[in-house]
Amino acid sequence: MRKGFTLMELIIVVIIIAILASIALPSFFKTTGKAKQAEANNLLGMLRSAQLRYYAEFEAYSADCGTLDASYTTPKYFTTISCAASDPIASVSDGTCTKTITANGDITPSGC
Numbered sequence: 343m344r345k346g347f348t349l350m351e352l353i354i355v356v357i358i359i360a361i362l363a364s365i366a367l368p369s370f371f372k373t374t375g376k377a378k379q380a381e382a383n384n385l386l387g388m389l390r391s392a393q394l395r396y397y398a399e400f401e402a403y404s405a406d407c408g409t410l411d412a413s414y415t416t417p418k419y420f421t422t423i424s425c426a427a428s429d430p431i432a433s434v435s436d437g438t439c440t441k442t443i444t445a446n447g448d449i450t451p452s453g454c
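Using my numbering, the first residue of the sequence shown is number 343, and each one after it goes up by one.
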């Protein structure tokens, strides 16, 4: 008597795994997208607060994020963080998605 699985049993297992993956993957990508947006909003809120503190002290916004009293860890999704001396006062970008924030807190996405 031979031991092992038949081709039909293996095909059924592959089909079951494919069905489970088709259910799980969209949920995973949706969660990743939410994490990306949360990171952007968190960075922008922190930069806005730092810009407002800078404005209170010097009566102008900083064009250099390095002069702000903001400390943050290296972002996971966004590669470019910039500040501006006029509205919008800060932006984050990952190459395709850019989000900006104004002094009054309005966040504007572009390409997201």
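Beta carbons: idealized from backbone N, C-alpha and C, even for Gly.
Model, not experiment: these values are computed from the prediction.
Per DSSP, the beta bridge partners of V434 are I423, K441. A Cβ-Cβ separation of about 12 Å leaves S433 out of contact with T421 under the 8 Å criterion.
Pairing A398 with I365, the inter-Cα distance amounts to about 51 Å. Under the DSSP definition of a beta bridge, P451 partners with K441. With contacts defined by Cβ atoms closer than 8 Å, T442 and T450 form a contacting pair.
G375 has its alpha-carbon roughly 12 Å from the corresponding atom of L367. Here Y414 is exposed: its Cβ has fewer than 16 other Cβ atoms, across all protein chains shown, within 10 Å. Here the alpha carbons of P430 and A445 stand approximately 7 Å from one another. By a beta-carbon distance limit of 8 Å, L410 contacts Y396. Their separation comes to about 6 Å. The three-state secondary structure of K376, taken from DSSP, is helix. Comparing alpha carbon positions, the residue from F400, S424, Y419 closest to G408 is S424.
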